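Residue numbers (my numbering): 282 to 445.
See the structure below:
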């Protein structure tokens with residue numbers, strides 16, 4: 282299935298389709314992008330296309346904001362150097378949080394763009410997902426979940442290492 286064949290608001294299968302839908306959703310974002318993921322192992326977050334889309338999102342609007350919540354930030358810090366560079370360049374408008382142990386029971390992943398577009402992967406281990414544009418009702422429920430997860434964060438990823 283190509284990007285043009287993906288039908289929003291239906292359940293879709295496949296890792297490549299997931300990546301294509303993620304591309305479409307990020308490309309649609311203009312001001313606010315919220316990402317909740319387990320560890321960024323799925324979705325080609327270490328790839329060039331993901332970097333380019335997020336770079337464009339962060340650089341095209343001076344008020345744009347990217348907030349990421351991960352269960353485990355190790356893959357992000359060690360294997361996503363381009364995204365880590367975005368954090369260095371756009372630290373004033375990009376934040377990456379790591380959840381505490383209580384929140385690690387959440388096994389889905391989702392992205393909400395501009396409080397009205399969303400993509401939701403039902404379980405991290407299964408490439409089944411749904412996405413939609415201009416669905417403020419579902420996006421609002423995911424925003425509430427994102428806020429709940431944000432309350433259960435333990436730390437923020439920093440580009441500088443502090444120590445003596």
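Note that beta-carbon positions come from the ideal geometry of N, C-alpha and C, so glycine has one too. Remember, it's a predicted structure, so these values are computed and weren't measured experimentally.
In whole angstroms, give me the CA-to-CA distance for residue i and residue j.
i, j, result
"residue 387", "residue 399", "17 angstroms"
"residue 288", "residue 382", "36 angstroms"
"residue 437", "residue 358", "12 angstroms"
"residue 320", "residue 356", "6 angstroms"
"residue 367", "residue 339", "9 angstroms"
"residue 302", "residue 441", "33 angstroms"
"residue 342", "residue 364", "18 angstroms"
"residue 299", "residue 390", "11 angstroms"
"residue 444", "residue 434", "Caution applies to residue 444, whose pLDDT of 42 falls short of 50 and renders its modelled position unreliable; the value that the coordinates give is listed next. Cα to Cα, residue 444 sits roughly 22 angstroms from residue 434."
"residue 426", "residue 405", "16 angstroms"
"residue 282", "residue 377", "Since pLDDT at residue 282 reaches only 44, below the 50 mark, its modelled position is unreliable, and the value read off the structure follows with that caveat. Taking the straight line joining both Cα atoms gives about 31 angstroms."
"residue 312", "residue 349", "14 angstroms"
"residue 354", "residue 361", "10 angstroms"
"residue 306", "residue 316", "11 angstroms"
"residue 371", "residue 432", "23 angstroms"
"residue 439", "residue 290", "36 angstroms"
On the DSSP bridge assignment, give the partners of residue i in chain order.
i, result
"residue 415", "DSSP output for residue 415 lists no bridge partner at all."
"residue 483", "Limits of the chain in this structure are 282 at one end and 445 at the other, which puts residue 483 out of reach."
"residue 390", "402"
"residue 407", "404"
Thinking just about the alpha-carbon of each residue, which of the options is nearest to the one in residue i?
i, options, result
"residue 369", "347, 314, 380, 379", "347"
"residue 392", "314, 375, 297, 301", "314"
"residue 421", "326, 321, 396", "396"
"residue 294", "316, 402, 371, 312", "402"
"residue 373", "424, 297, 309, 344", "344"
"residue 417", "439, 394, 428", "394"
Less than 7 angstroms between CB atoms is the rule here; does residue i satisfy it with respect to chain D?
i, result
"residue 369", "Within the model displayed, chain D is absent; a lone protein chain is all it includes."
For residue i and residue j, which I take to be in contact (beta-carbon distance under 8 angstroms), what is that distance rounded to the nearest angstrom?
i, j, result
"residue 380", "residue 430", "6 angstroms"
"residue 352", "residue 385", "5 angstroms"
"residue 414", "residue 296", "Not confirmed; about 21 angstroms, so no contact."
"residue 274", "residue 335", "There is simply no residue 274 to check, as the chain begins at 282 and stops at 445 in what is shown."
Could you say if the region 324-341 and the region 409-416 meet the contact criterion of at least three C-beta pairs nearer than 8 angstroms?
no
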